[in-house]
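Chemist:
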Amino acid sequence: MNKLFIFDLDGTLSVSKATIDDEMEGHMSKLLGIAQVATISGGDWPQFEKQVLAHLPKNQSPKKLSILPTCGTKFYQPGFHLKIIEQWQLVR
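Mapping of the sequence shown onto the working numbering: residues 76 to 167, in sequence order.
What follows is the structure, given as structure tokens:
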């Protein structure tokens, strides 16, 4: 079983600059339940918030999701405190 899946955002997970559709939301949700997932894009953080994060199930923890905006020059992971996600943190 693969442990990490990496996707480009625009043109792969969604149409360029569009939100992920319901089908992709379902696929992402299932995949996040079993593997680490990373998404990369030329856009910055707000693009990920609008296109992906706002459309994932509210009851699902994004602890297995990594975000790499601006062509991977930034790296965000959820911040954790006592196993409760408080905020996303810029790692690099």
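All C-beta atoms, glycine included, are put in the ideal place defined by N, C-alpha and C.
May I have the straight-line CA-CA distance separating Q122 from L143, to the nearest angstrom?
Modeler: 11 Å
Chemist: Buried or exposed: I115, going by 16 or more other Cβ atoms within 10 Å of its Cβ?
Modeler: Looking at its Cβ environment, which holds 16 or more other Cβ atoms inside 10 Å, I115 is buried.
Chemist: Could you check how far apart the C-beta atoms of G117 and T87 are, in whole angstroms? I think they sit under 8 Å.
Modeler: Going by Cβ atoms, the distance from G117 to T87 rounds to 12 Å, so no, they are not a contact pair.
Chemist: Return the residue from the list N134, Q126 and K138 that minimises the CA-CA distance to D97.
Modeler: Measuring C-alpha to C-alpha distances from D97 to each of N134, Q126 and K138 identifies Q126 as the nearest.
Chemist: Can you check whether the C-beta of K139 is within less than 8 Å of a C-beta belonging to chain B?
Modeler: Here chain B cannot be found, since the structure has a single protein chain.
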